[in-house]
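The block underneath contains the structure these notes are about, expressed in structure tokens.
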Amino acid sequence: MSEKTLTRMDLSEAVFREVGLSRNESADLVEAVLQHVSDALAGGETVKISSFGTFSVRDKSARVGRNPKTGDEVPISPRRVLTFRPSHLMKERVADGKAR
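Counting from -9, one number per residue, gives the positions in the sequence shown under the working numbering.
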């Protein structure tokens, strides 16, 4: 399996090559999109990107967990968690190992 990580810089470089904006405009566009997605999620909205997947925020209630090493019960406080559910097209692409 590959150890490569896709970064913001990689995304802005791809926008630069594919769309033809300047490098600065490409970086600004990527930042604006990521900020918009982040703001929507922070506000409790669901973000659905067609053919990619759905990001959503879930509220988890307080519960009692267990330390697997010692077996001691530990209280887990309520929290909000980010979840991602890939689309069936994304699942197929990942399973096939195909890049575009």
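Glycine included, C-beta positions come from ideal geometry on N, C-alpha and C.
Grouping DSSP H, G and I as helix and E and B as strand, with all else coil, what is residue i?
i	result
ASP29	helix
LEU72	strand
HIS6	Before going further, note that residue 6 is Phe rather than His in the sequence given. Reduced to three states, the DSSP call for PHE6 is helix.
For residue i, I'd like the list of residues in its chain whose CB is within less than 8 Å of its CB, leaving aside the five on either flank, ordered along the chain.
i	result
ARG(-2)	ALA17, VAL20, GLU21 and LEU24
LEU11	VAL5 and LEU19
SER40	SER77
Using alpha carbons as the reference points, say which of the options lies closest to residue i.
i	options	result
VAL54	LEU72, SER41, SER46 and PRO68	PRO68
LEU72	PHE6, GLU35, VAL84 and GLU82	GLU35
VAL27	LYS59, SER46, LEU11 and VAL9	SER46
ARG48	SER2, ALA32, LYS81 and ALA89	ALA32
THR138	ARG70, GLU(-7), ALA85 and PHE74	Absent from the structure is residue 138, since the part of the chain shown begins at -9 and ends at 90.
At a cut-off of 7 Å, is residue i close to the ligand SAH when judged by its beta-carbon and the heavy atoms of the ligand?
i	result
SER51	This structure does not include the ligand SAH; it has no bound ligands of any sort.
Using a Cβ-Cβ cut-off of 7 Å (strictly less than) and excluding sequence neighbours within five positions of residue i, which residues of its own chain qualify?
i	result
SER51	PRO68
ARG7	none
Give me the Cα-Cα distance between residue i and residue j, rounded to the nearest whole angstrom.
i	j	result
PHE42	LEU79	7 Å
LYS38	ASP29	14 Å
LEU1	ASP86	23 Å
Beta-carbon within less than 6 Å of residue i's beta-carbon, same chain only, minus the 5 sequence neighbours each way: which residues are those?
i	result
VAL64	GLY55 and ASN57
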